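Step one of this worksheet: look at the structure below.
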Amino acid sequence: MKLLRILLFPFAVLYGFITSIRNFLFDKGILKSTSFDIPVIAVGNLSVGGTGKTPQIEYLIRLLSDKYKIATLSRGYKRKSEGFVLADATSNAEILGDEPFQFYQKFPNVQVAVDANRTNGITQLLSQKIKPQIILLDDAYQHRKVKAGFYILLTSYDDLYADDFMLPTGNLRESRSGASRAKIVIVTKCPKNLSDEKQSEIWKKLKLSSSQQLYFTFIDYDDAIYGKDEKIAVNEIRNESKLLLAGIAKPTPFFDYLKNENDECLTFPDHHHFSEKDLEMIQNKAQNKKIITTEKDYVRLKDSKLISQLYYLPIKSTFINNKQNFDATILEYLDKCLITLES
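Residue numbers (UniProt numbering): 1 to 343.
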């Protein structure tokens with residue numbers, strides 16, 4: 001695979017040239033970007049693969065939802081519906097996609113919508129009887145047809161965009177210069193004990209401007225797993241024989257947090273839709289053991305035949321330091337926007 005990526009280098013150069021031209025046309029206003037009268041915060045990344053967008057969106061929801069009316073807008077990756085869909089009691093993971101459905105399940109007071117056309121999605125949200133005050137755009141960093149008021153760029157500690165290259169040789173969707181659109185850059189999935197020296201080294205490597213802010217977060221795992229009607233402490237099941245199941249981009253930390261030498265780990269592609277054959281195979285391997293999966297996978301599996309032995313492990317994004325500065329920056333941006341709208 002590595003050799004193939006090297007051989008595809010000319011296509012990576014071509015792809016980089018095309019995306020750079022596209023960005024230039026948007027930057028100069030030749031291609032149209034639509035702005036909206038309400039605050040729009042876009043969270044995304046330069047690369048393909050898991051950088052922790054879902055826990056970061058959830059962090060923002062927790063930060064803001066007590067004070068503002070929030071809506072999230074996602075593409076709804078691999079959903080079986082089309083166009084604009086606003087989540088309601090009839091929604092499921094097939095209609096919304098797994099991550100938006102997870103938002104809907106966890107945050108009932110937040111409007112959750114999906115639309116590949118983000119401009120249309122925002123327009124539709126603003127036409128609802130109850131209008132949001134703030135829209136969080138999930139995975140929309142390259143969606144230049146909408147001009148967000150505030151961009152948050154995520155990059156994984158073990159896969160920094162500064163060390164990467166354009167697709168298909170690397171994993172970048174656009175060149176590293178695209179990071180300049182971000183007000184905030186967050187290095188995600190860091191070690192909890194990341195030193196100040198290492199943080200400074202990464203700052204220099206990313207070559208951010210003086211107006212950009214850099215933060216570091218780690219994935220914080222819950223101390224309990226959750227089933228349909230049950231909560232069990234992780235310490236109680238850590239040494240128990242179990243089946244660990246993940247259909248996410250980078251499952252190794254999830255497995256490492258829970259597994260012991262007697263556990264079996266099953267990996268599926270990111271956003272995998274589990275077939276009846278998959279469910280039978282999982283059930284046969286698990287026998288009567290507990291099946292523990294990620295929260296994102298659980299929303300796709302909770303209505304399946306596995307539910308009686310199925311549990312999930314919640315995660316959240318936690319700042320290593322300067323959390324108060326991050327919160328204050330977001331709240332200050334929103335307060336200024338809303339004051340301007342009211343005046």
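Here a beta-carbon is modelled for each residue, glycine too, at the ideal position from N, C-alpha and C.
These numbers come from a predicted model, not from an experiment.
Next on the checklist: Short of 6 Å in beta carbon distance, which residues of its chain neighbour PRO39, apart from the five on each side in sequence? Order them along the chain.
Outcome noted: Along the sequence shown, one-based indexing puts residue 39 at 39. Taking PRO39 as the centre and dropping the five residues before and after it, the same chain places the C-beta of ILE134, GLY149, LEU334, CYS337 closer than 6 Å to its C-beta, in chain order.
Item to check | Completely contained alpha helix (DSSP H) runs for the segment 114 to 180, where each covers 4 or more residues | outcome: 118 to 126, all fully within the segment 114 to 180.
Next on the checklist: Please give the ranges of any beta strand (DSSP E) in the segment 3 to 64, keeping only runs that are unbroken, at least 3 residues long and fully inside the region.
Outcome noted: Here the runs fully enclosed are 40 to 45.
Checklist entry - GLN111 bridges to which residues according to DSSP? => result Indexing the sequence shown from 1 puts residue 111 at position 111. Bridge partners of GLN111: ALA71.
Checklist entry - So, helix, strand or coil for PHE101, using DSSP? => result Here the question's residue 101 lines up with position 101 in the sequence shown. If DSSP states are grouped into helix, strand and coil, PHE101 belongs with the helices.
Next on the checklist: Which same chain residues end up closer than 6 Å to ALA116 when comparing Cβ atoms and leaving out the 5 residues on each side of it in sequence?
Outcome noted: As a working note, residue 116 is residue 116 in the sequence shown. Within the same chain, ALA116 has close Cβ partners ARG75.
Next on the checklist: Nearest by alpha-carbon distance to GLU174: which of TRP203, ARG22, THR329 is it?
Outcome noted: Along the sequence shown, one-based indexing puts residue 174 at 174. Checking every option, the nearest Cα to that of GLU174 belongs to ARG22.
Checklist entry - Does DSSP put GLU236 in a helix, in a strand, or in coil? => result Taking the first residue of the sequence shown as 1, we reach residue 236 at position 236. In this structure, GLU236 counts as helix in the three-state DSSP scheme.
Item to check | Three CB pairs or more closer than 8 Å across the segment 191 to 202 and the segment 50 to 61 | outcome: no
Next on the checklist: Only counting the same chain, and skipping five residues up and downstream in sequence, which positions put a Cβ closer than 7 Å to that of CYS265?
Outcome noted: Counting from 1 along the sequence shown, the entry for residue 265 is found at position 265. Here the set comprises LEU244, PHE255, LYS259.
Next on the checklist: Suppose you measure from the CA of LYS69 to the CA of LYS129; what does that come to, to the nearest Å?
Outcome noted: Stepping through the sequence shown from its first residue, residue 69 is reached at position 69. Stepping through the sequence shown from its first residue, residue 129 is reached at position 129. In a straight line, the C-alpha of LYS69 is about 13 Å away from that of LYS129.
Checklist entry - Mind checking whether the beta-carbon of TRP203 lies closer than 6 Å to any heavy atom of the ligand PLP? => result What this structure holds is no ligand at all, so the ligand PLP is not there to describe.
Checklist entry - When DSSP labels each residue in this structure, what does GLN213 get in the three-state scheme? => result Mapped onto the sequence shown, residue 213 falls at position 213. Strand at GLN213.
Checklist entry - Should the segment 294 to 311 be regarded as contacting the segment 263 to 280, the criterion being three or more beta carbon pairs within less than 8 Å? => result Here the segment 294 to 311 lies against the segment 263 to 280, with 3 or more beta-carbon pairs under 8 Å apart.
Next on the checklist: Which of the three DSSP states is assigned to CYS190 in this structure?
Outcome noted: Mapped onto the sequence shown, residue 190 falls at position 190. DSSP places CYS190 in coil when its eight states are reduced to three.
Checklist entry - Should ALA162 and LYS205 be called a contact, given that it needs their Cβ atoms to be closer than 7 Å? => result Position 162 of the sequence shown, counted from the first residue, corresponds to residue 162. Position 205 of the sequence shown, counted from the first residue, corresponds to residue 205. Contact flag set, yes.
Next on the checklist: If contacts are defined as beta-carbon pairs under 8 Å, then ALA71 and PRO132 qualify, I think. What distance do you get, rounded to the angstrom?
Outcome noted: Numbered from 1 along the sequence shown, position 71 holds the residue referred to as residue 71. Numbered from 1 along the sequence shown, position 132 holds the residue referred to as residue 132. About 4 Å separates the two Cβ atoms, so the contact holds.
Checklist entry - Of all the alpha helix (DSSP H) runs that stay within the bounds of the segment 219 to 265, which reach a length of 4 or more residues? => result 234 to 237, 252 to 258
Checklist entry - Going by the CB atoms, is the gap between SER20 and GLU172 shorter than 7 Å? => result By 1-based counting over the sequence shown, the position of residue 172 is 172. By 1-based counting over the sequence shown, the position of residue 20 is 20. The identity of residue 172 in the sequence shown is Leu, whereas the question assumes Glu. Not closer than 7 Å, so no.
Item to check | Euclidean distance between Cα positions of ILE225 and LEU31 | outcome: If you number the sequence shown from 1, residue 225 lands on position 225. If you number the sequence shown from 1, residue 31 lands on position 31. Rounded to the nearest angstrom, the two C-alpha atoms are 48 Å apart.
Item to check | Coarse secondary structure for LYS316, derived from DSSP in three states | outcome: In the sequence shown, counting from the first residue as 1, residue 316 sits at position 316. LYS316: strand per DSSP, three-state reduction.
Checklist entry - Could you check where the alpha helix (DSSP H) with THR340 kicks off and where it finishes? => result Taking the sequence shown and counting its residues from 1, the one referred to as residue 340 is at position 340. Where THR340 is concerned, the enclosing alpha helix (DSSP H) stretches over 323 to 342.
Checklist entry - According to the Cβ coordinates, are ASP139 and GLY227 closer than 7 Å? => result As a working mapping, residue 139 is identified with position 139 in the sequence shown. As a working mapping, residue 227 is identified with position 227 in the sequence shown. Against a cut-off of 7 Å, the Cβ pair of GLY227 and ASP139 comes out as no contact.
Checklist entry - CA-CA distance, ALA113 and ILE61? => result Locating residue 113 in the sequence shown gives position 113, counting from the first residue. Locating residue 61 in the sequence shown gives position 61, counting from the first residue. Taking the straight line joining both Cα atoms gives about 14 Å.
Checklist entry - Roughly how many whole angstroms lie between the Cα atoms of LYS145 and GLU201? => result Numbered from its first residue, the sequence shown carries residue 145 at position 145. Numbered from its first residue, the sequence shown carries residue 201 at position 201. For LYS145 and GLU201, the distance between alpha carbons rounds to 34 Å.
Next on the checklist: For THR293, list the residues DSSP reports as bridge partners.
Outcome noted: In the sequence shown, the residue the question calls residue 293 occupies position 293. For THR293, which the question treats as bridged, DSSP gives the partners LEU245, TYR312.
Checklist entry - Alpha carbon to alpha carbon, what distance is there between LEU25 and LEU313? => result For the purposes of this step, residue 313 is identified with residue 313 of the sequence shown, where counting begins at 1. For the purposes of this step, residue 25 is identified with residue 25 of the sequence shown, where counting begins at 1. Going from the Cα of LEU313 to the Cα of LEU25 covers about 44 Å.
Next on the checklist: TYR151 and ALA182 - do their beta-carbons sit closer together than 7 Å?
Outcome noted: Taking the sequence shown and counting its residues from 1, one reaches residue 182 at position 182. Taking the sequence shown and counting its residues from 1, one reaches residue 151 at position 151. In this structure, ALA182 lies near TYR151, with their beta-carbon atoms less than 7 Å apart.
Checklist entry - Are there 16 or more other CB atoms within 10 angstroms of the CB of PRO10, so buried, or fewer, so exposed? => result Taking the first residue of the sequence shown as 1, we reach residue 10 at position 10. Looking at its Cβ environment, which holds fewer than 16 other Cβ atoms inside 10 Å, PRO10 is exposed.
Next on the checklist: Could you check whether LEU73 and LEU137 sit closer than 7 Å to each other, using their CB atoms as the reference points?
Outcome noted: Indexing the sequence shown from 1 puts residue 137 at position 137. Indexing the sequence shown from 1 puts residue 73 at position 73. Contact flag set, yes.
Item to check | Which of helix, strand or coil DSSP assigns to TRP301 | outcome: Counting from one through the sequence shown, the residue named residue 301 turns up at place 301. Correcting the residue identity first, residue 301 is Leu in this sequence and not Trp. Here LEU301 sits in helix by DSSP.
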